[in-house]
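Everything on this sheet refers to the single structure shown next.
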Amino acid sequence: MATKVKKSFLSVSIKESMMKDGRMVGTTTIRRIPGITNTFERNITCLGGSETTLYETSTDRTTSGSKFDAQKVKYGRITNRDTAHALRLRITNSASDEMVMVLEPGESYQLFGHAKKMIMSGSAISSYPFGSVTSFKAQPLTSKTIDVQLFVASI
């Protein structure tokens, strides 16, 4: 008899706090995501001088290893675990649009959901269709090796 995976809530907390003028200021935001049945956690070593595919999604619902159904991914986090070196994070969508950003040491990129979440254009955007995120790739900005931590949750 096949086993049934129990659905769970994923809680994601973002907390800012600092001492300002003798008092603590900041806020905590908590997002609860229902129905999570699958999590993927992995540390990946990215070699200097080459781009590493962290994970991919598919809009045709095929999944395997580190490839996920874009409709089912509800949360993803990528963290640069290095203490001294930055990395370039390249995010591509189903329309082959790309966004590139730098993650400094210790910084994270979070995305809630992947379906119809990204649009990029060289000109003003008014009514273009959003594409689903299809891949995340990382490359160290130096010749040094960098460790990247992934966490992906899906239904």
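If you want this note's numbering, it's the position in the sequence shown, counting the first as 1, plus 16. For every residue, glycine included, the Cβ atom is placed at its ideal position computed from N, Cα and C. Since the structure is predicted, the reported quantities are computational estimates derived from the model, not experimental observations.
* Length of the line joining the Cα atoms of Lys36 and Ser82 -> Take the alpha-carbon of Lys36 and the one of Ser82: they are about 43 Å apart.
* What does a CB cutoff of less than 8 Å around Glu120 pick up in its chain, not counting 5 residues either side in sequence? -> Cβ within range, chain order: Asn96 and Ala102.
* Asked: Just how far apart, CA to CA, sit Thr61 and Ile162?
  -> In this structure, the alpha-carbon of Thr61 lies about 6 Å from that of Ile162.
* **Distance between beta carbons of Ser159 and Gly65, contact taken as under 8 Å** => Contact flag correct, Cβ pair sits at about 6 Å.
* Asked: If we count the other Cβ atoms within 10 Å of its Cβ and call it buried at 16 or more, is Lys22 buried or exposed?
  -> Its Cβ having fewer than 16 others within 10 Å, Lys22 is exposed.
* **Supposed close pair Ile94, Val41 - CB separation, criterion 8 Å** => Contact between Ile94 and Val41 is ruled out by a C-beta separation of about 28 Å, above the 8 Å threshold.
* Asked: Of the residues Leu166, Tyr71 and Glu114, which one's Cα is nearest the Cα of Glu123?
  -> Nearest of Leu166, Tyr71 and Glu114 to Glu123, Cα basis: Leu166.
* Going by the CB atoms, is the gap between Gly92 and Val168 shorter than 8 Å? -> Contact check for Val168 against Gly92 passes: the beta carbons are separated by less than 8 Å.
* Asked: What residues match up with Leu166 in a beta bridge as DSSP calls it?
  -> According to DSSP, Leu166 bridges with Arg58 and Ile94.
* **Residue burial classification, Lys88 (beta-carbon count within 10 angstroms, cutoff 16)** => So Lys88 ends up on the buried side.
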